[in-house]
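Heads up, the thing below is written out as structure tokens.
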Amino acid sequence: MNKDVLIRLNGISKSFDGETVLDDLHLEIHDKEFITLLGPSGCGKTTTLRIIGGFETPDAGDVYFDGKRINDLPPYRRQVNTVFQKYALFPHLNVFDNIAFGLRVRKTKDSEIREKVKAMLELVNLRGFERRRVGTLSGGQQQRVAIARALVNEPKVLLLDEPLAALDLKLRKDMQNELKNIQQRTGITFIFVTHDQEEALSISDRIVLMKSGVLQQNDLPQRLYNEPANQFGAGFLGNPPINNIPGTIQDCRFVTADGKADAALDMCRGVENGRKVNLSVRSESFVLDADGPIACEVTRVYQMGKEEMAYLRMGECDFRAYIDSEEGLKPGDQVHLALKKRGVFLFDRETGERIR
Ligand code: ATP
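So that you can map any letter, position 100 of the sequence shown is 751 in this note's numbering, and since no number is skipped, the others follow by simple counting.
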């Protein structure tokens, strides 16, 4: 085992009421990394987190921490702390006492408590808030208190379950930066759960993409976006969503599923005849090119900054593209497009497997 692997999940499966929620999950989490579990609602992210925290027991598989199997270790004996979406602060205590709570339980000396709480308040930018009742704080400030309260116990790992979900967009962005800073300054391993792809892309060292309890891809953020392992991954990341143009391969050409248009694309070479595919292209991956292989009609256009977002039709398939055109496009124009190298994929339409 790689020596900086801190947590290893080995073949974890879990069902609730006969429904499989996690299916043979294998995952290694490295010391000091910021790793994000990403996926749609119900895909098993929180359950994974709860198994790492010891709040849930797997039906099969083992959890290792620092090389030791910890399946039977209760939560309070794991070197892990959790920050929840609902901050779960003690409303009757002030900020200082909320943060000091865990230290008092462990009978830490008063002078040490004062020092540690002070350091935490600095870390989360809440100096001077010691005596404030938590009920008088904003959502963002309450979340900082929750983070300080978890970090003061000096865990090796912090589990964060959608901790920013209740914040408005601006505050959420600020807190993303702040969380990243805190993680880098403390060197604590962060395991973060979100269903928000932009949040995951902006904050993580590594992203674990999940669907229906099955790991889809475990990769660097930029690779997840640029090299999706399958159709699901290509569709889950990206805004606007990726275009999926259904078709079939005929003599190394892409033919739209309605049979009304085709294009000679290099990426179709070597793909077997008759294979049902999706040509999946990000909106930023088209270029206007009079010699381009994709002939289509403009159906609608609107300006987005210096570029135009064009709605296009190839055969009976509609898709969207950012187009940088000199003269401007208008509905009814017939145009040719070429494809960039990045952001263009071919997936098997039945299995979702990536072909190119
Ligand atoms: P979300 O983003 O909505 O929080 P998630 O990916 O974190 O979703 P989980 O909370 O892990 O998903 O839940 C996965 C599935 O397991 C869901 O269908 C959920 O209803 C179910 N589930 C989770 N905990 C329990 C439980 N204690 N009893 C029964 N079903 C459960």
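Glycine included, every Cβ here is placed at the ideal spot set by N, Cα and C.
Can you have a look at residue i and say buried or exposed, based on whether 16 or more other CB atoms are within 10 angstroms of its CB?
i, result
"N762", "A small fix is needed here, since residue 762 is Ser in this sequence, not Asn. Per the 10 Å Cβ criterion, exposed."
"P879", "buried"
"F667", "exposed"
"Y876", "buried"
"V672", "buried"
"A851", "buried"
"D710", "exposed"
"Q868", "buried"
"S936", "buried"
"Q954", "exposed"
"F780", "buried"
"P725", "exposed"
With DSSP run on the structure shown, which of helix, strand or coil describes residue i?
i, result
"A880", "coil"
"C919", "helix"
"T671", "strand"
"F747", "helix"
"E766", "helix"
"S936", "helix"
"D847", "coil"
"T698", "helix"
"F998", "strand"
"D723", "coil"
Which residue marks the beginning of the beta strand (DSSP E) containing residue i, and which one marks its end?
i, result
"T708", "Per DSSP, T708 belongs to no beta strand (DSSP E) and is neither H nor E."
"N929", "927-932"
"L802", "That residue, L802, is in no beta strand (DSSP E); its alpha helix (DSSP H) goes 790-802."
"R951", "945-955"
"C903", "Taken as a continuous stretch (DSSP letters only), C903 belongs to no beta strand (DSSP E), as it is neither H nor E."
"L689", "685-689"
Give a yes or no on whether the C-beta atoms belonging to residue i and residue j are separated by under 8 angstroms.
i, j, result
"R920", "T899", "no"
"I858", "L700", "no"
"D682", "D713", "no"
"Q848", "L689", "yes"
"L980", "V932", "no"
"L830", "G791", "no"
"R993", "V928", "no"
"L939", "F905", "no"
Alpha helix (DSSP H) containing residue i: first to last residue?
i, result
"R836", "820-837"
"V785", "Neither: V785 is in no alpha helix (DSSP H) and is coded neither H nor E."
For a test of your reading of the model: does the CB of residue i fall under 7 angstroms from any non-hydrogen atom of the ligand GDP? Yes or no.
i, result
"R784", "The ligand GDP is absent from the structure shown, which contains only the ligand ATP."
Note to self: Beta-carbon distances below 5 angstroms to any heavy atom of the ligand ATP define the shell here; list its residues in chain order, please.
What the structure shows: F667, V672, S692, G693, C694, G695, K696, T697, T698, H846
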